[in-house]
Structure formats: C-alpha cells, structure tokens
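Note sheet for the following structure.
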Amino acid sequence: MGLGLLPSRFSRIPANRLFLRSIVSNSHRQSPEAAAAAVPPPEPTPDLPPRTPVAGARVHFPNPDDAIEVFVDGYPVKIPKGFTVFQACEVAGVDIPRFCYHSRLSIAGNCRMCLVEVEKSPKPVASCAMPALPGMKIKTDTPLAKKAREGVMEFLLMNHPLDCPICDQGGECDLQDQSMAFGSDRGRFTEVKRSVVDKNLGPLVKTVMTRCIQCTRCVRFATEIAGVQDLGMLGRGSGEEIGTYVEKLMTSELSGNVIDICPVGALTSKPFAFKARNWELKGTESIDVTDAVGSNIRIDSRGPEVMRIIPRLNEDINEEWISDKTRFCYDGLKRQRLNDPMIRGSDGRFKAVSWHDALTVVAEIVHEVKPEEIVGIAGRLSDAESMIALKDFLNRMGSNNVWCEGNGPNPNADLRSGYIMNTGISSLEKADVFLLVGTQPRVEAAMVNARIRKTVRASNAKVGYVGPPADFNYDYEHLGTGPQTLLEIVEGRHPFFSTISNAKNPVIIVGAGLFEREDKDAVFSVVEAIAKKGNVVRPDWNGFNVLLHNAAQAAALDLGLVPESNQSIVTAKFVYLMGADDADLDKIPKDAFVVYQGHHGDRGVYRANVILPASAFSEKEGTYENTEGCTQQTLPAVPTVGDARDDWKIIRALSEVAGVRLPYDNFGAIRSRIRTVAPNLSSLDEREPATFGFSVKPESNQKMSSTPFKAAVENFYMTDSITRASKIMAQCSAQLLKK
Amino acid sequence: MLARLAAVRLQEIRQVFRLAPQTSRSFSTALNYHIDTPDNNPDLPWEFSAANKEKVKEILSHYPSNYKQSAVIPLLDLAQQQQGGWLPVSAMNAVAKVIEVAPIRVYEVATFYSMFNRSPVGKYHLLVCGTTPCMIRGSRDIEDALLKHLGVKRNEVTKDGLFSVGEMECMGCCVNAPMITVADYSNGSEGYTYNYYEDVTPKRVIEIVEILRNGEKLPPGTQNSRRIKSGPEGGNTTLLSDPKPPPSRDLDAC
Ligand code: SF4
Ligand code: FES
Ligand code: FES
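Protein sequences appear in the order of chains E and H.
1 is the number of the first residue of the first sequence in UniProt numbering; add one for each residue after it.
1 is the number of the first residue of the second sequence in UniProt numbering; add one for each residue after it.
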C-alpha cells in the first residue's frame with residue numbers, strides 16, 4: 001500500500017498550512033484597512049501546489065457531464081459522479097489509511113480505518129463506503145480525523161497479538177505501518193486477548209487466525225475473483241472468525257493472492273514461512289514463463305537463492321494477481337538442476353566434462369550426419385534469443401527442421417492473427433459472448449480465465465464451451481465435445497450461433513491444444529467461418545483469439561520455427577533438444593544422437609547423449625512474447641547454477657566449434673538479428689496486434705475428423721520442467737487436484 | 001521497596017484469578033467451526049420431511065425467485081425444528097441447496113445467530129442470561145445450580161435427552177433479572193415455545209426443571225409471586241395518583 005507517500009504527505013500539508021496562515025495574518029497586520037475594504041472578502045482560494053493522484057492513478061471520466069467537484073483539505077478536485085469520498089481523496093493525492101478497502105474488490109466498510117471528517121456531518125465518515133456529493137468538504141487531516149484513526153487503531157490492536165517478531169508479515173504489514181503512522185503509542189486494554197483456532201487451507205496458505213482483523217478481503221477475493229465460495233465470516237462479535245466451517249482446502253488456482261491482500265499476517269505463504277525477512281530480499285522485475293500469459297512478477301532473492309515470487313501490477317495482463325503455479329514454482333529452480341556439461345559414457349552413465357570437450361563432441365557428430373537428419377526442438381520455456389540462435393545454427397548446418405514444442409506438426413506461422421490473442425487480454429472485458437473451442441482457460445492460462453470471470457460477473461456475458469467436460473468457475477453452457485458441434489454452429493443449426501451473431505462484441509477463443517490435431521487446418525477454417533458469419537472480426541473489433549500454452553510459442557512462430565517436414569523426427573540422426581521435454585521423445589530413433597540443453601534433469605535428459613547446462617528464466621535476460629503478442633523480458637535475479645550458461649551463448653559457442661560461427665557476440669547483436677526477422681519482438685512491453693486477418697488465408701481442403709477435443713493440460717500444477725521439479729507443486733497436485 | 005510493591009500487586013492479581021468462578025466464562029455461542037462427529041457430519045443424508053417440503057415452498061413463495069437466499073433464516077428455523085432443536089451440518093447443506101447458494105453462505109448465517117444450535121440440545125434448552133444486570137443479580141449461581149442439578153456441563157445434553165443448559169446475552173428483561181429462557185422443542189414446530197422465566201433463584205430454577213420434567217405447564221413470567229409483571233414488588237411505590245399538572249403562569253391574570 002502506498003505508505004511510501006505518507007512522509008511526503010506529512011511534510012506537504014503542514015507546509016501549506018504555514019504558508020496560508022502567513023499570507024492571511026500578514027495582510028491583516030500590515031494593512032488592516034485594505035483588508036477591511038476588500039469589498040466581498042474573497043474566499044481564500046488556497047494557493048496549493050498541484051497535487052498528483054495517489055500512485056499516479058488515472059481518473060477516467062465515463063461521461064464528462066457527470067463530473068462533480070469536491071474539496072479535499074481545501075483543494076478542489078474534479079471527479080466523476082459515483083466516486084466515493086475515498087477515491088476523491090486519492091485523486092487529490094491524499095493516501096487514506098485502509099484495511100478492508102481494496103480497489104478490485106467490493107466495498108465492505110467494516111474496518112473503519114478510513115474515517116475522515118466531512119463538513120456538516122456530525123460524525124466522522126468511513127470514506128470508502130461514502131459516495132462523494134457535489135461540493136463536499138472533506139478534511140483528512142483534522143484533529144477529529146486523527147483521533148478517529150487513533151481510536152480505530154487501538155480497537156484493532158486490542159485483540160491483535162503482539163507477535164510481530166515471529167510474524168512473516170513483519171516489515172510489509174499494513175497494520176504495523178499504519179499503527180506507526182496513525183496509532184497511539186500505548187493501549188488501554190488490559191484484559192486477556194482472544195485467540196482463534198488456525199485453519200488448514202492447504203499446502204500454500206499458512207494461517208495464523210488470531211492475527212486476523214476481520215477485514216474480509218480474503219472472503220471477498222475468494223468469492224469475487226477466484227470464484228470459489230469456500231471462505232466465510234463465521235460467528236459474531238468477539239467470536240467472529242474467518243474460516244470454512246467444515247474443514248476444506250482452498251482449491252483455487254489463484255489462492256496465493258490472498259497472501260498479498262491480507263493486510264496482516266493472518267494469511268501468509270506456507271512455503272516461505274520463516275525463510276526470510278522482506279527487507280533482506282532483492283527484488284527483480286521479471287515475467288513469468290510457466291504459461292503463455294507472461295504475468296508480471298517480482299522475483300525476490302537473497303544471495304543466489306530465489307526466495308519467493310510476487311506479482312507486479314500490469315493492468316493489461318495480470319492486473320495484480322498471479323496464479324499459484326507462477327507464485328510457488330520457485331522451489332523447482334533449486335532442485336534437479338543441471339550444473340555441468342555431461343557426456344553419456346558407454347556404460348550408460350553421465351560423466352561431467354568440460355565445456356570444451358562437450359562442445360567438441362557435439363560439433364563432431366553434427367558434421368557426421370546428413371543435413372536433413374538434423375533436428376532441433378525448442379522447449380516451452382525458451383526465450384526468443386535462444387530460438388533464433390538455434391534456428392540460425394541449424395540453418396547453417398543445412399537443416400531447416402526446427403520447431404518449438406506445443407506448436408504441433410505443421411504450425412501456421414504465416415499469419416500472426418492465426419496464433420495470437422487478437423482481442424488482447426484486457427479487451428476481453430468488453431466482450432459479451434465467449435465461445436471457447438477446445439480450451440480450458442482455467443488450467444491453461446489462469447489469468448485469462450480470471451479476466452473472463454471478471455467479464456462474466458460484471459456484464460453477465462454468455463460463455464459457450466466446446467470440449468471435454470471441464471471445471472469452470474463461472475456459468476457456462478457446454479455446447480458439445482468435438483468438431484461436430486462447430487459444424488452445427490457454423491451451419492446455423494445450433495442455437496448458440498444466433499447468440500454469437502446477435503452479440504455486440506463476440507469473442508472466440510481457440511485452444512492451442514488443437515495445434516496437435518491432424519485436422520487442425522480444417523478445424524481452424526470452421527472456426528474462422530463461424531467468425532466470419534458471426535461478424536466476430538470487424539474493423540473496430542477483433543474477437544478471434546488463439547490461447548497459447550507456453551511462453552515460447554508465440555515468439556517461436558514469429559521467428560518462423562517451422563519444421564520443413566513433420567516426419568523429420570522419425571528419421572533424425574542428430575536431435576538438439578533445447579529444453580524440450582514434452583516433445584515426442586519416444587519417436588526419436590534409437591541410433592540418433594541427442595543433445596539436451598536445459599536447466600533441469602527432466603524427461604529429455606533420459607534420452608540425451610550429451611547434456612549442456614543452461615540457465616533458467618530467473619537467471620537470464622530473455623525476450624518472451626505472450627499469447628496476446630506482447631513482448632516482455634525477464635531479467636536475471638540470481639546467478640546461474642554451477643557451470644551453466646545462457647542458452648543462446650551455448651549455441652553461439654557451439655557454432656564456433658562447429659566452424660559455422662554465428663555473427664552475434666553480445667545481447668544487443670542478437671536482438672538486432674531478431675529485429676530483422678520479427679520486428680515486433682524488439683518493442684518491449686508493447687502489444688503488437690496482428691496486421692492481417694485470416695481473410696487472406698488460403699482455403700484448406702483438409703477433412704475434419706470427428707474425434708472430440710482433448711484436455712490440453714492434465715495437471716495445472718505441473719506443466720514444465722521447473723514445475724515438475726518443484727516440491728510445492730507436487731504437494732498441490734497431490735492434495736488439491738480433484739481426482 | 002519496589003520489589004515488595006510488585007509482589008503485593010502480583011498477589012492481588014493471583015487472587016483475582018483464584019476467585020474466578022468454576023463455570024468457564026467462554027463465549028455463549030458454540031465453536032465457530034465444525035468438527036465431524038458420528039451424529040453430525042456432511043456425509044449424513046438430510047432432507048426436509050414431506051410435510052416440511054410444502055412449508056419450504058410456502059416460505060420461498062414470499063421472496064422473488066432471484067432472491068431465494070433471503071429465505072435462509074426461515075428455512076434454517078424450519079430445519080432446526082424438524083431436527084428437534086438443532087442444525088446438523090448436513091441440514092445446513094440441504095438449506096443451501098434449496099436456496100441455491102454456496103454452503104458457506106448458510107454457515108455464516110447459522111453461526112451468526114445464537115438461536116441456531118449447531119450441536120444437539122435437549123427437548124428443553126435452558127438458556128441462562130449472562131449479561132451484566134442478570135450477572136449482578138446472580139445468574140452465575142443460577143447456572144451453577146442448574147448444571148449441578150442436571151449433572152451436565154454447559155451445552156451438554158442430559159442422558160434422557162430432556163435438558164441442556166446454554167447461555168444467552170441480554171434478552172431484554174433486565175428489570176426482572178435474573179432470568180432464564182426455556183426453548184421448548186418437545187412439540188415440534190407448531191408447539192414451539194420460547195418462554196422467559198424471570199426473577200428466578202437457584203432454588204426456583206430447580207423447581208422449574210422438575211415441573212418441566214413432569215410435563216406440566218408453567219405460565220411464563222416473573223417467578224416472584226409478589227410482583228405483577230415487571231412492576232415493583234408489593235405494589236407500586238411511585239406514581240400512586242394522577243401526576244400533578246406542571247406549574248404554570250396564571251394566564252388569565254396577565
Ligand atoms: S485473514 Fe487477512 S484478509 Fe482475511 S479477514 Fe483476516 S485480516 Fe482480512
Ligand atoms: S477501508 Fe473504509 S471501512 Fe475499511
Ligand atoms: S441482562 Fe439478563 S435480560 Fe438483560
């Protein structure tokens with residue numbers, strides 16, 4: 001919470017006061033006549049320095065006529081009708097202390113910390129729950145307001161244990177901070193404090209319920225955002241407590257966020273318990289690679305160790321939430337790591353060797369095979385730099401059989417609109433009808449699912465779903481399980497077709513699981529036909545989306561990682577797996593030579609002949625493109641493990657040993673190489689929409705099979721080598737997955 | 001010197017704790033979370049009886065169909081009567097199903113109101129008021145007497161299933177403190193009564209228990225024969241005649 005702003009606020013306001021007072025008193029003292037003669041004593045318009053809204057918040061006026069003016073500490077601000085007193089204060093740059101108020105949750109108004117004085121109101125008012133009225137004079141800094149806050153603080157601390165030294169929230173606790181800023185230095189309560197039984201919410205959230213201040217943020221989060229109605233407020237009065245009544249684990253893919261929103265140490269991270277203090281941690285702003293959403297995260301590290309991952313605000317992608325997989329996969333970064341180059345000896349065991357030896361062996365073998373027998377597969381966590389390096393290297397060796405796992409046997413890389421989310425994640429909120437084709441967003445991209453849920457809650461958008469039975473946390477209509485249903489829709493035989501064509505902003509989301517289907521082109525052309533007939537793509541609205549699964553997919557397609565022949569893997573003699581663990585490893589012929597370059601000893605390693613250790617996303621700078629086509633980058637938070645190197649550097653070194661030196665020696669050079677192939681990958685933190693729609697796509701004459709769609713993600717918690725190595729994720733899959 | 005003062009103070013504090021009465025002064029409501037027991041767990045089937053199903057329909061008809069959840073309190077009450085005075089967790093789940101909300105929303109309501117009993121009670125549930133006026137007039141002795149006479153702990157049911165003792169906060173008849181309430185679940189939802197017995201003494205509550213045990217009826221109200229309702233003992237002592245009109249100026253004389 002923006003308590004960083006408090007000091008500036010404290011210094012600013014008294015200064016204003018002094019300034020004001022001196023003007024008034026001086027004019028009186030120096031020329032009393034003039035002051036008296038000033039015909040209508042003008043209302044002293046305070047000459048206040050311009051204020052900036054708290055945390056640079058933007059004020060959006062939906063209807064400019066509806067603006068009203070209120071005064072905050074004498075400073076006039078214009079706000080749209082319907083704002084609360086609290087929001088008015090924020091616009092005026094006054095940070096009001098709060099516990100229960102959260103801008104993304106409904107208003108509860110039960111902590112009373114946000115009390116302010118309003119002129120003509122007999123009592124202090126709870127600003128978060130009070131609508132601002134035109135001309136209201138709000139005072140946030142008067143003795144009354146201060147006393148009210150102090151009183152509330154004293155009540156809150158009455159039953160709050162004094163266990164800050166053993167509390168994990170210490171140092172980032174709203175209660176701590178605000179009692180320092182607004183509380184009294186002593187309390188008057190001498191009775192016995194109450195205590196509350198801790199609840200078991202599962203392997204992720206640790207509870208110390210005695211610390212709870214009953215703000216109900218967690219209850220509102222679970223009900224409104226996560227869509228699991230498990231938590232509730234039980235009992236009343238001093239017996240009130242947060243709980244599930246019957247013992248129940250919190251089975252939401254977003255449950256970790258309650259750790260962030262709990263203003264005190266009642267809900268904290270179980271894996272992080274007693275591991276570190278937040279002031280010892282170094283924060284690195286990075287992005288998440290466990291799915292294709294590219295949630296913005298901060299990696300908190302201490303020395304060489306990633307201690308925790310927490311979300312960063314990005315309104316366009318993840319708002320301020322992240323999924324449990326993103327938040328808790330970090331212990332996988334410490335386990336099963338590859339730290340030395342290794343070669344499999346004749347006895348089948350790996351032996352650690354030097355980089356030079358390993359690269360020489362690989363370079364020798366790669367020259368021994370025919371160019372068309374060379375195959376390269378990029379893994380789902382690869383960054384754009386390493387993928388372009390891999391492609392360039394294989395091209396120089398004469399092969400063009402390079403692809404990224406998850407993109408299927410014959411990916412379409414020609415039309416960008418055919419593989420990204422054209423609507424954009426944040427624009428999903430404008431949609432009123434969703435058609436989900438073969439995708440279960442809840443497990444494939446939890447943050448996209450949160451957006452859809454938000455939209456469904458806010459505007460009652462309709463959701464139709466075609467695919468295997470799945471778990472949704474909003475109302476949906478299960479239209480069917482396979483392509484047959486799509487045919488019915490496109491021919492107008494299905495009632496959902498009229499729902500789409502009558503919608504204002506319809507959205508179709510196709511899952512990337514379809515990429516693996518033989519009849520992918522046929523399915524896509526049917527979906528495109530639905531889009532055409534349903535007017536889903538218009539000049540002002542593009543509702544055709546593909547929801548990708550892995551962080552590497554979009555960039556791989558942008559860079560043209562498309563295999564020349566989709567049968568190349570069965571005839572391969574030399575396979576270069578760049579972190580690829582989910583490719584069809586058993587299709588690789590027995591006599592093929594397999595190089596595994598990656599950071600985890602995962603599936604690929606079992607088949608490898610040579611292991612080249614690489615760095616994980618927390619250890620390198622890398623460019624990733626998310627499913628909506630937004631380019632972002634990771635930054636190194638911790639040093640690499642052992643002898644590992646960045647992926648692109650390994651391939652660059654290998655190319656030199658193999659005598660086909662790649663022309664880039666540093667990060668800037670490889671970025672400019674990327675720019676020549678895919679210019680959109682060079683504009684960081686920007687979403688580049690696709691230029692051409694599918695209307696320019698040639699007709700496909702594939703035949704559609706009637707096999708129903710499959711679920712693309714079996715286990716939400718374990719989808720890649722990092723999460724498969726994580727103990728916490730293993731616990732989650734054991735305890736939280738509904739079997 | 002200081003040390004001695006401190007020691008004396010400590011002694012005093014100890015004294016206070018030693019004097020604490022035997023009955024624990026815990027919250028009047030039962031636990032705010034559920035513990036599975038053989039007779040109360042979510043796996044037990046529970047359904048409204050055929051007759052009550054009609055009543056459910058009737059209750060729901062009072063509310064618009066998109067605000068079914070408003071019926072939660074009457075339905076919980078109906079369920080409690082059907083179960084003989086208490087709400088097993090499966091009954092709450094059944095109510096949640098009827099009004100189409102998540103079970104936790106029903107638990108929230110049921111734990112909020114202390115007249116919903118979430119553990120078994122006797123046919124006669126005796127509730128002793130424990131709030132300040134009654135406490136000053138001796139409600140703790142009354143509770144002790146009841147517990148001793150029935151041989152149970154608070155919120156425990158006697159072997160014959162007839163009685164249980166609980167605590168309530170102020171029930172608004174402090175003028176006749178101390179008082180107990182008898183929630184009578186012996187006659188189902190129609191014959192349900194919730195009667196106040198006021199001005200009780202430790203002796204009198206035991207008599208009341210025996211009267212109830214014999215199935216006799218006892219008119220509710222004050223147990224002090226010399227009082228009428230909440231009037232003063234032995235008749236009025238004030239306001240014995242019409243009050244005098246307020247003194248005022250002699251208007252005619254002006
Ligand atoms: S557990 Fe935390 S978030 Fe939930 S009500 Fe208590 S203080 Fe608020
Ligand atoms: S923030 Fe306004 S009452 Fe809690
Ligand atoms: S205190 Fe017992 S009825 Fe009011």
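For glycine and all other residues, C-beta sits at the position ideal for the given N, C-alpha and C.
Between which two residues does the alpha helix (DSSP H) holding H/LYS57 run?
50-60
Does at least one heavy atom of ligand 1 sit under 7 Å from the Cβ of E/LEU267?
yes
Where do the N-terminal and C-terminal ends of the alpha helix (DSSP H) with E/ILE500 fall, by residue?
495-502
Between which two residues does the beta strand (DSSP E) harbouring residue 806 of chain E extend?
For chain E, the structure presents residues 1 to 739; residue 806 of chain E sits outside this window and is missing.
Does ligand 5 have even one heavy atom less than 7 Å from the beta-carbon of E/ILE242?
The ligand content of the structure shown is limited to ligand 1, ligand 2 and ligand 3, which means ligand 5 is not among them.
Output the distance between the C-alpha atoms of H/GLU167 and E/GLY237, rounded to the nearest integer angstrom.
15 Å
When DSSP labels each residue in this structure, what does E/MET209 get in the three-state scheme?
helix
Whole alpha helix (DSSP H) runs in the stretch 53-131 of chain E with 4 or more residues, listed along the chain?
85-91
Output yes if chain H places a C-beta closer than 8 Å to the C-beta of E/SER31; else output no.
Residue confidence for E/SER31 is low, a pLDDT of 41 falling below 50, so the modelled location carries little weight; the figure read from the coordinates is stated next. False, the Cβ-Cβ gap to chain H never drops below 8 Å.
Which residues end up in the neighbourhood of ligand 2 when you take C-beta atoms closer than 7 Å to any of its heavy atoms?
E/PHE86, E/ARG98, E/PHE99, E/CYS100, E/TYR101, E/ALA108, E/GLY109, E/ASN110, E/CYS111, E/ARG112, E/MET113, E/CYS114, E/ALA126, E/SER127, E/CYS128, E/ALA129 and E/CYS215
Should E/ALA616 and E/LEU333 be called a contact, given that it needs their Cβ atoms to be closer than 8 Å?
yes
Hey, does E/ARG98 have any beta-carbon neighbour from chain H nearer than 8 Å?
no
Using CA atoms only, rank isn't needed, just tell me which of E/VAL657, E/ASN339, E/TYR474 and E/ASP141 is closest to E/TYR596.
E/ASN339
Output needed for H/VAL16: all residues of its chain with C-beta closer than 8 Å, excluding positions within five of it in sequence on either side, in chain order.
Residue placement at H/VAL16 is poorly supported in this model, since its pLDDT is 48, which falls under 50; the coordinates still yield a value, given next. If we look at H/VAL16 and ignore the five residues flanking it on each side, it has no Cβ neighbours.
Please find out if some non-hydrogen atom of ligand 1 comes closer than 7 Å to the beta-carbon of H/CYS134.
no
How would you list, in chain order, the residues of chain H whose beta-carbon sits under 7 Å from the beta-carbon of E/VAL246?
HIS34, PRO42 and VAL89
Strictly below 8 Å CB to CB, what residues from chain E border H/THR111?
LEU234, GLY235, ARG236 and TYR245
Distance check for H/SER189 and H/LEU78, CA to CA, integer angstroms please.
7 Å
Could you pull out every residue in the same chain whose Cβ sits closer than 7 Å to the Cβ of E/GLN247, ignoring the five residues on either side in sequence?
The residue asked about is misnamed: residue 247 of chain E is Glu in this sequence, not Gln. ASN200, listed in sequence order.
Can you tell me which of E/PRO122, E/ASP316, E/LEU105 and E/CYS100 puts its alpha carbon nearest to the alpha carbon of E/ARG112?
E/CYS100
Rounding to the nearest angstrom, what Cα-Cα distance links H/PRO220 and H/VAL89 in this structure?
32 Å
Helix, strand or coil at E/PRO506 according to DSSP, with G and I counted as helix
strand
When you compare the CB of E/GLY239 with every CB in chain H, is at least one pair closer than 8 Å?
yes
Enumerate, from N- to C-terminal direction, the unbroken beta strand (DSSP E) stretches of 3 or more residues contained entirely within the stretch 521-559 of chain E.
544-547
Residue closest to H/PRO232, alpha-carbon to alpha-carbon, out of H/ASP199, H/VAL182 and H/ARG213:
H/ASP199
Is the CB-CB distance between E/THR627 and E/ASN680 below 8 Å?
no
Let's test the definition: count the other Cβ atoms within 10 Å of the Cβ of E/ARG188 and tell me whether it reaches 16, buried, or not, exposed.
exposed
With a CB to CB cut of under 7 Å and the five nearest residues on each side skipped, what residues in its chain are close to H/PRO21?
Confidence in H/PRO21 is poor, its pLDDT being 44 and thus under 50, which makes the residue's placement unreliable; the coordinate value appears in the next sentence. Excluding sequence neighbours, H/PRO21 sits near ARG140.
Leaving out five residues on either side along the sequence, give the residues of the same chain with a beta carbon under 7 Å from the beta carbon of E/VAL72.
ALA88, CYS89, ALA92, VAL94, ILE138 and THR140
Opening and closing residue of the beta strand (DSSP E) in which E/TRP403 lies:
402-404
Does any residue of chain H bring its CB to less than 8 Å from the CB of E/GLN229?
yes
Proximity winner among E/ARG396, E/VAL361 and E/PHE350, relative to E/PRO371 (alpha-carbon distances)
E/ARG396
Which of the three DSSP states is assigned to H/ARG4 in this structure?
helix
Leaving out five residues on either side along the sequence, give the residues of the same chain with a beta carbon under 6 Å from the beta carbon of H/GLN69.
ILE99 and VAL101
Distance cutoff 8 Å, beta carbons only. Does E/VAL197 sit that close to anything in chain H?
yes
Strictly by DSSP, which residues pair up with E/MET421?
E/ASN545
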